[in-house]
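> Counting from 316, one number per residue, gives the positions in the sequence shown under the numbering used here.
Glycine included, C-beta positions come from ideal geometry on N, C-alpha and C.
Fair warning: this is a prediction, and the values are worked out from it, not measured in the lab.
This is the structure I want to talk about, given as structure tokens.
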Amino acid sequence: MELCTLPYDHPDAVKLIAELQQVFVVRYGDEDVTPVDPAQFAAPAGHFVVGYLDGDPVACGGWRAHDEVLDSLRPGDAEIKRMYVVDALRGRGLSRLVLTALEDAARAVGRRRMVLETGDRQPEAIGLYTRAGYTRIDNFGVYRDHPNSLCFAKEL
Numbered sequence: 316m317e318l319c320t321l322p323y324d325h326p327d328a329v330k331l332i333a334e335l336q337q338v339f340v341v342r343y344g345d346e347d348v349t350p351v352d353p354a355q356f357a358a359p360a361g362h363f364v365v366g367y368l369d370g371d372p373v374a375c376g377g378w379r380a381h382d383e384v385l386d387s388l389r390p391g392d393a394e395i396k397r398m399y400v401v402d403a404l405r406g407r408g409l410s411r412l413v414l415t416a417l418e419d420a421a422r423a424v425g426r427r428r429m430v431l432e433t434g435d436r437q438p439e440a441i442g443l444y445t446r447a448g449y450t451r452i453d454n455f456g457v458y459r460d461h462p463n464s465l466c467f468a469k470e471l
């Protein structure tokens, strides 16, 4: 898979994010309404990648910087958002490639810890993150009181 750094609102990213939103509809009954501004994923305070196989967009993910103390967030954190691999290609390690690329990009600009939220109805995501060394932290921000939210972190 070829990973390309692209804007969050690039048409291929928008297509994959729309597919991810449909996963949320199926699993939770609604789209993820977490506030997201595409500008948050622009360097140096963010990063977004799209993975391609044979020219087709098949995976994506990004991070946005956090430099405030808020709940369990700390200055220097990078929050992962919109990790997704198309259904037909799941289980082949593509999400791990995206995750590693995001961690490397965050580390390269001085981010000290990756944080993320996932839902309790996403066992694949929970498995990916725990196998990659992420551990549970208290829910933060808009996820603080959400009953289906699980937040994780990993020191870089």
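1) Which first and last residues belong to the beta strand (DSSP E) in which Thr320 is found?
2) Let me know if Lys330 comes out buried or exposed under the rule of 16 or more other beta-carbons within 10 Å of its beta-carbon.
3) State buried or exposed for Thr415, treating a residue as buried only when at least 16 other CB atoms are found within 10 Å of its CB.
4) So, helix, strand or coil for Ser410, using DSSP?
5) So Ser387 and Asp453 are in contact, right, with Cβ under 8 Å, and what is the actual spacing, rounded?
6) Tell me which residues share the same chain as Val373 and place their Cβ nearer than 6 Å to its Cβ, disregarding the 5 neighbours each side in the sequence.
7) On the premise that Ala440 lies in contact with Ala421, defined as a C-beta separation below 8 Å, what is that separation, rounded to the nearest angstrom?
To lay it out plainly:
1) Glu317 to Thr320
2) Answer is exposed; the Cβ neighbour count stays below 16.
3) exposed
4) Helix, per DSSP.
5) 4 Å
6) Gly366, Val401 and Leu404
7) Actually they are not in contact, since the Cβ atoms of Ala421 and Ala440 sit about 18 Å apart, beyond 8 Å.
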